[in-house]
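Numbering that gives the first Met the number 0 puts the sequence shown at residues 0 to 256.
All C-beta atoms in this analysis are idealised placements derived from N, C-alpha and C, irrespective of residue type, glycine included.
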Amino acid sequence: MKITGNTILITGGTSGIGRALAEAFHDRGNRVIITGRREDLLEQITAGRPGMAGLPLDLADPDSVRRVQAEVQTCFPELNVLIANAGISRAEDMTAETWDASDAQAIIEINIFGVLRVTAAFLPLLKRQQDATIMATSSALAFVPRADFPAYCASKAFLHSWLQSLRHQLSGFPIEVLELSPPYVQTELTGVGQASDPRAMPVDVYLSEVMDLLERKHHARGEVLLERDFARRWAERDGQYDVIFDAMNPAKKRRSP
Ligand SMILES: NC(=O)c1ccc[n+]([C@@H]2O[C@H](COP(=O)([O-])OP(=O)(O)OC[C@H]3O[C@@H](n4cnc5c(N)ncnc54)[C@H](OP(=O)(O)O)[C@@H]3O)[C@@H](O)[C@H]2O)c1
Numbered sequence: 000m001k002i003t004g005n006t007i008l009i010t011g012g013t014s015g016i017g018r019a020l021a022e023a024f025h026d027r028g029n030r031v032i033i034t035g036r037r038e039d040l041l042e043q044i045t046a047g048r049p050g051m052a053g054l055p056l057d058l059a060d061p062d063s064v065r066r067v068q069a070e071v072q073t074c075f076p077e078l079n080v081l082i083a084n085a086g087i088s089r090a091e092d093m094t095a096e097t098w099d100a101s102d103a104q105a106i107i108e109i110n111i112f113g114v115l116r117v118t119a120a121f122l123p124l125l126k127r128q129q130d131a132t133i134m135a136t137s138s139a140l141a142f143v144p145r146a147d148f149p150a151y152c153a154s155k156a157f158l159h160s161w162l163q164s165l166r167h168q169l170s171g172f173p174i175e176v177l178e179l180s181p182p183y184v185q186t187e188l189t190g191v192g193q194a195s196d197p198r199a200m201p202v203d204v205y206l207s208e209v210m211d212l213l214e215r216k217h218h219a220r221g222e223v224l225l226e227r228d229f230a231r232r233w234a235e236r237d238g239q240y241d242v243i244f245d246a247m248n249p250a251k252k253r254r255s256p
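This is the structure:
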């Protein structure tokens, strides 16, 4: 994708990686529309940034997606980049008597249907542009899961597969399809603790690496992936899957029934 002169809509632009992407693209001379449910943050982030706009959006609500699509079509018909970044994450203990798959349902609703809904909503507009990009945020956990986040990791594996099909189907159009697969980054995705977890990468450090990869078009197969995550990406091919899975998921003690 070109780095400047775009009109970009970013879902999940109110915090974390989405907000950092919005600010980085805005700093590089792009018109940026951020979306999210927290309207106070939309106002706070866009204040003092001419060329950045905020639109309230709840991805769980198809009507909300339709409203944003209609507003963008009227006010920003030149939109040429969609960054489907919003997502949620929850740990799930499937051994608990109380486990009822409701968290999995919420994750699938936002991480999968949220991405599909915004893509479906904006694709007609993107197809009319000379040069367009769809980038969706999956995760390095798409390649080897952390078993305590089962539906979350599976939702990102879904995106990894689905984006390949989307890229193939759109190969006759001037629409680039990118997959952003972050490692563990200091945001509040799983709660406030993650934002200060020293094992996670600071957002600004991650973003500067991402912008560098995008600027250099250093993303084979459309995968915007840090070099440190290549081992996980290619674990199966390299015969390292079991070793990496076991390192990420310590063995459980056997319980008696
Ligand atoms: N941080 C990591 O370690 C990491 C690693 C790999 C992948 N990722 C992915 O990166 C993306 C961004 O996450 P983050 O880490 O930056 O966490 P974050 O700060 O919690 O950001 C999540 C964003 O999603 C939005 N969102 C959540 N539910 C929504 C809904 N129903 N409708 C509309 N927007 C919604 C939130 O906005 P509102 O609350 O304002 O709606 C927020 O802006 C996610 O897809 C996540 O899975 C993160």
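- Contact annotation: Ala-19 and Leu-206 have beta-carbon atoms nearer than 8 Å.
- Burial is judged here by how many other beta carbons sit within 10 angstroms of a residue's own beta carbon; Gln-43 has fewer than 16 and is exposed.
- At the C-beta level, Ala-21 and Val-31 come within 8 Å of one another.
- In the DSSP secondary-structure assignment, Val-184 is bridged to Met-200.
- Thr-97 has its alpha-carbon roughly 49 Å from the corresponding atom of Gln-128.
- Remark: C-beta atoms of Val-64 and Ala-120 approach each other more closely than 8 Å.
- With a threshold of 16 other beta carbon atoms within 10 Å, Pro-197 falls short and is exposed.
- Thr-118 places its beta carbon 8 Å or farther from that of Leu-177.
- Within the same chain, and ignoring the five residues on either side of Arg-48 in sequence, the residues whose Cβ sits closer than 7 Å to its Cβ are His-25.
- By DSSP's assignment, Met-51 forms a beta bridge with Val-31.
- Of the residues assessed, Ser-88 falls on the buried side of the cut-off, its CB having 16 or more other CB atoms within 10 angstroms.
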